[in-house]
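**Q** Using our numbering, read the sequence shown as starting at 6 and increasing by one per residue.
I have a structure I would like to understand better, so I am pasting it below and will then ask my questions one at a time.
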Amino acid sequence: MPDTLTVGLRQGIGDRFTLLAGVEWSNWSRIDTARLYQPNGAAATILANPVIFPFRYVDGWFYSLGGEYKLDPAWTVRAGIAYEKSPIEDNTRTARIPDNNRIWYSVGASYKPPSTKGLTFDLGYSFIDVKNTPICMGPAALGGCPSNPWSSTTSSYVGTVDAYVNIVSVGLRYQWDADPAPVMKQRYAK
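Dropping the structure here:
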């Protein structure tokens, strides 16, 4: 797995709103070209040629911005947006890993029951919109993409991938020694 560095910011603005921001870098470029070896340590070969996997990944980046709003002592709502840059570029993409840049849209809420100290219920939803992804592999003589190191010398593969992801999360948290959520006092009209 790549090295990862994450920097986050959480800043309260007033009594109810919190601004959230983050940047994450992943060192995917460390996975450049890999060789396949046999259990005895010798290089694996096909027709006397070493088996090589030319991943040629670049570093990945993730940028996010969001906010939380405390509706009352028990309820908090949140929303955010993020942009993720894929480590796989057009000229090294294969049908096996058709990854591409994406935008994340997320919403969620938390509920702390006033009667139960330390307990929180969480609900979240994210929609990930992956950029349309071209895949082009094959020899130049067959109208392929000669710059792709995964290209075959005998066949071509040209296509696109249209992808999206839906994520629903439900959580239950318990915090030891937490203060209970304050109960809001109701005011009655006279």
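Don't be surprised by glycine CBs; every beta carbon is placed ideally from N, CA and C.
1) Taking 8 Å as the threshold (C-beta atoms), are Ser131 and Ser111 in contact?
2) For Phe126, which option in Phe22, Asn105, Ile51, Tyr116 has the closest C-alpha, if you only look at C-alpha atoms?
3) Roughly how many whole angstroms lie between the Cα atoms of Arg143 and Tyr162?
4) Quick one, which of Cys141, Arg107, Val166 has its alpha-carbon nearest Ser160's?
5) Whole beta strand (DSSP E) runs in the stretch 42 to 106 with 3 or more residues, listed along the chain?
6) I need the straight-line Cα distance from Lys90 to Ser120, nearest angstrom please.
7) Would you mind working out which of Asn171, Trp33, Ile86, Pro7 sits nearest Leu24, comparing C-alpha positions?
8) Under three-state DSSP, which class holds Ser196?
9) Given this structure, state the Cα-to-Cα distance separating Ile36 from Gly19, to the nearest angstrom.
10) Please determine, among Arg178, Leu177, Asp8, Thr50, the residue with the shortest C-alpha to C-alpha distance to Asp64.
11) Tell me which residues share the same chain as Thr138 and place their Cβ nearer than 8 Å to its Cβ, disregarding the 5 neighbours each side in the sequence.
12) Helix, strand or coil: which one does DSSP assign to Ile18?
**A** Straight from the coordinates:
1) Within the sequence shown, numbered from 1, the residue matching residue 111 stands at position 106. Within the sequence shown, numbered from 1, the residue matching residue 131 stands at position 126. The answer is yes: Cβ separation under 8 Å.
2) Along the sequence shown, one-based indexing puts residue 126 at 121. The shortest C-alpha to C-alpha distance from Phe126 to any of Phe22, Asn105, Ile51, Tyr116 is the one to Tyr116.
3) If you number the sequence shown from 1, residue 143 lands on position 138. If you number the sequence shown from 1, residue 162 lands on position 157. As written in the sequence, residue 143 is Gly, which differs from the Arg given in the question. Answer to the nearest angstrom: the Cα atoms are 6 Å apart.
4) As a first step, residue 160 is located in the sequence shown; it is residue number 155 there, counting from the start. The shortest Cα separation from Ser160 among Cys141, Arg107, Val166 belongs to Cys141.
5) 57 to 59, 65 to 75, 80 to 90
6) As a first step, residue 90 is located in the sequence shown; it is residue number 85 there, counting from the start. As a first step, residue 120 is located in the sequence shown; it is residue number 115 there, counting from the start. Annotation: Lys90 to Ser120 spans about 44 Å, alpha carbon to alpha carbon.
7) In the sequence shown, counting from the first residue as 1, residue 24 sits at position 19. The option with the nearest alpha carbon to Leu24 is Ile86.
8) Given that the chain is displayed from residue 6 to residue 195, the structure contains no residue 196 and the question cannot be resolved.
9) Along the sequence shown, read from residue 1 onward, the residue named residue 36 stands at position 31. Along the sequence shown, read from residue 1 onward, the residue named residue 19 stands at position 14. About 45 Å.
10) The count along the sequence shown starts at 1 and reaches residue 64 at position 59. That would be Asp8, whose Cα lies nearest to the Cα of Asp64.
11) Sequence index remark: in the sequence shown, residue 138 carries index 133 (1-based). Cβ neighbours of Thr138 beyond the five flanking positions: Arg98, Pro103, Asp104, Asn105, Thr165, Val166, Asp167, Ala168.
12) Along the sequence shown, read from residue 1 onward, the residue named residue 18 stands at position 13. Ile18 falls in the strand class under three-state DSSP.
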